[in-house]
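Student: Got a structure for you, written out below as structure tokens; questions coming shortly.
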Amino acid sequence: MLLWLLHHFAPLLDRWELLSTGDSKVFVTARTALASLTSFLIAFLLGPMIIHWLKARRVGERIASDSERLNELHASKNDTPTMGGLFIIGAIVISVLLWSDLSSQYVRLSLIATIGLGALGAVDDWVKLRRQRNGLGAGQKLGVQVGLSLFIGVLLYLHHQPTQFGLSLVSPFGGGTIWLGAGFALWAMLVLVASSNAVNLTDGLDGLAGGCLVFAGSAFLALTYLAGHVKLAGYLSIPYMPGTGELTVVMGAMVGAVMGFLWFNCYPAEVFMGDTGSLPLGGLIGLAALAVRQELLLVIIGGVFVTETLSVIAQVFWFRWTGRRILACSPLHNHFLFRGQHEMKIVVRFWLTAALLAIAGVASLKIK
């Protein structure tokens, strides 16, 4: 919206555009900063109102896992308002509409992912709360995720076709590539489903998923900026992906919104994001990785999310095979909770790990 107004004052911007960065015509760096600040303020201001609204409608977390001990450890969280992802999504969408170029296909896809996965998460949360069930059936939930992610994957495939590395799987080490062709759409679907569910599994302690998302989102903010800047992409020997500079604005909005949410979600949490927040936020991280052709780097940057997911898979597989458990309780953060560590100590250590992985991921761009 504001970008459209700026374009219509082109005579005043003729000399200013000489200072622009990447392939964006109007100040992507400044707009990213403004998007981040705007989304933080919106989340911060909307937070108390939405928390009050959720409390009034008794939209509270129901602590009813299969583990009695875990239920005891989390007993104090019972009835804490959930679906806080509503004001994360609201902050992101409003900020993106204000500061991004809506003609960008990447921006449109990010809005589809945010709203679509957010709506799925909201329905899942609502079913948990109102029907005393564990949300939608696994098949129903996965089916919608697959359908929406495949739709985004096909649109991304069509958009990437003219680009040199657009349909190739690119190694962050050595620059090797594997051409995916039409299989790119299926690969994109897999990445989006996996990343959204990985963040969802990590969202189990106050501030855990939110803090890790701030670091991972900041790393992909940097990567989308670098990949959309022809000179910097060439200097770092990474794929130059025209137009991804606009995703920098989206990632800035995401980071700001999550920071605003963390104001209320830090220990002891006043609100949880629920699937309403975790699914779209994970999807945005996956979309950014696909856009800049750095899905393999996502494994490093999102290492906390990957480890949490693998811990669940390993626990289930090992128990079915041997009848014994590898961890005291999965995902991994629950294992440390069962071992007597304080929740805040676990969260901060996971944050530190996420920060180090984000730094390592971005720094690895120069390891060729």
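Residue numbers (this note's numbering): 1017 to 1384.
Positions of the beta carbon are idealized from the N, C-alpha and C atoms, including for glycine.
Given the structure is predicted, the values throughout are model-derived calculations rather than measurements.
#1: Can you tell me where the alpha helix (DSSP H) with Ser1116 in it begins and where it stops?
#2: Grouping DSSP H, G and I as helix and E and B as strand, with all else coil, what is Ser1380?
#3: Does DSSP classify Thr1323 as helix, strand or coil?
#4: Tell me which residues share the same chain as Leu1312 and place their Cβ nearer than 8 Å to its Cβ, disregarding the 5 neighbours each side in the sequence.
#5: Verify whether the separation of the beta carbon atoms of Tyr1122 and Leu1263 is less than 8 Å.
#6: Can you name the residues that DSSP bridges to Pro1097?
#7: Going by C-alpha distance, which of Asn1216, Val1160, Gln1161 is nearest Glu1324?
#8: Return yes when the C-beta of Ala1107 is under 7 Å from any heavy atom of the ligand ADP, and no when it is not.
#9: Quick one, which of Arg1078, Gln1180, Gln1161 has its alpha-carbon nearest Pro1255's?
#10: Comparing C-alpha positions only, which one of Met1099, Ala1051, Ile1131, Ile1058 sits nearest to Glu1286?
#11: Mark Glu1088 as exposed unless 16 or more other C-beta atoms lie within 10 angstroms of its C-beta, in which case mark it buried.
#12: Give the C-beta separation of Ser1327 and Leu1343 to the nearest angstrom, bearing in mind that I take them to be a contact with Cβ-Cβ under 8 Å.
#13: Three or more beta-carbon pairs under 8 Å between the segment 1129 to 1141 and the segment 1164 to 1173, yes or no?
#14: Can you give me the Cβ contacts of Leu1348 inside the same chain, cut-off strictly under 8 Å, excluding the 5 residues immediately before and after it?
#15: For Cys1345, which of Ser1081, Thr1048, Leu1314 has the nearest alpha-carbon?
#16: Ignore the nearest five residues each way along the sequence and tell me which others in Ala1238's own chain have a CB closer than 6 Å to its CB.
#17: Checking 8 Å against the spacing of the C-beta atoms, do Ile976 and Ser1126 come in under that value?
#18: Let me check one thing: in DSSP terms, what residues is Thr1193 bridge-paired to?
#19: When burial is assigned at 16 or more other CB atoms within 10 Å of the CB, is Gln1331 buried or exposed?
#20: Name the two residues that bound the continuous alpha helix (DSSP H) containing Arg1124.
#21: Report all residues from its chain with a CB closer than 8 Å to the CB of Leu1053; omit the five preceding and five following residues, and keep chain order.
#22: Classify Ile1104 as helix, strand or coil using the three-state DSSP reduction.
#23: Might you give, ordered along the chain, the residues of its own chain that have their beta carbon closer than 7 Å to the beta carbon of Ala1235, omitting 5 neighbours on each side?
#24: Buried or exposed: where does Tyr965 fall if 16 or more other Cβ atoms within 10 Å of its Cβ makes it buried?
#25: I need the DSSP call for Ile1342, collapsed to helix, strand or coil.
#26: For the segment 1196 to 1253, list the alpha helix (DSSP H) runs that are entirely contained and at least 4 residues long, ordered along the chain.
#27: Are Leu1320 and Gly1223 close, meaning C-beta to C-beta below 8 Å?
#28: Tell me the residue span of the alpha helix (DSSP H) that contains Leu1285.
#29: State the DSSP-derived secondary structure class of Arg1336, mapped to helix, strand or coil.
#30: Excluding the 5 residues preceding and the 5 following Ile1108 in the sequence, name in chain order all residues of the same chain whose CB lies nearer than 7 Å to its CB.
#31: Assign Asn1281 to buried or exposed, taking buried as 16 or more other Cβ atoms, counted over all protein chains shown, within 10 Å of its Cβ.
#32: At the level of alpha carbons, what is the spacing between Met1257 and Gly1302?
#33: Report the rounded CA-to-CA distance for Gly1063 versus Phe1288, giving the unit in angstroms.
#34: Please report the Cβ distance between Trp1195 and Leu1208, rounded to the nearest whole angstrom; I am assuming they are in contact, meaning their Cβ atoms lie under 8 Å.
#35: Quick test of your reading: Trp1115 and Leu1050, contact by CB under 8 Å. State the CB separation rounded to the nearest angstrom.
#36: Between Gly1076 and the rest of its own chain, which residues show a CB-CB distance below 8 Å, the 5 nearest in sequence each way excluded?
Tutor: Walking through what the data contain:
#1: Here Ser1116 belongs to no alpha helix (DSSP H), and DSSP marks it neither H nor E.
#2: helix
#3: helix
#4: Leu1185, Val1186, Ser1187, Pro1188
#5: yes
#6: Gly1076
#7: Asn1216
#8: Only the bare structure without any ligand can be found here, which leaves the ligand ADP out of the picture.
#9: Gln1180
#10: Met1099
#11: exposed
#12: 6 Å
#13: yes
#14: Thr1323, Glu1324, Ser1327
#15: Ser1081
#16: Val1378
#17: Here the chain covers residues 1017 to 1384 and nothing more, so residue 976 does not appear.
#18: Val1186
#19: buried
#20: 1121 to 1146
#21: Gly1272
#22: helix
#23: Ile1317, Ala1374, Gly1377, Val1378
#24: Because residue 965 is not part of the residues shown, which for the chain are 1017 to 1384, the question remains open.
#25: coil
#26: 1200 to 1218, 1224 to 1243, 1246 to 1252
#27: The question names Leu, but residue 1320 is Val in the sequence shown. No, Cβ-Cβ distance for Val1320 and Gly1223 is not below 8 Å.
#28: Contrary to the premise, residue 1285 reads as Ala rather than Leu in this sequence. Where Ala1285 is concerned, there is no enclosing alpha helix (DSSP H), given that its DSSP letter is neither H nor E.
#29: helix
#30: Ser1055, Thr1130, Ala1269, Met1270, Ala1273
#31: buried
#32: 16 Å
#33: 11 Å
#34: That pair is no contact at about 20 Å.
#35: 5 Å
#36: Leu1070, Asn1094, Asp1095, Thr1096, Pro1097, Thr1098, Leu1145
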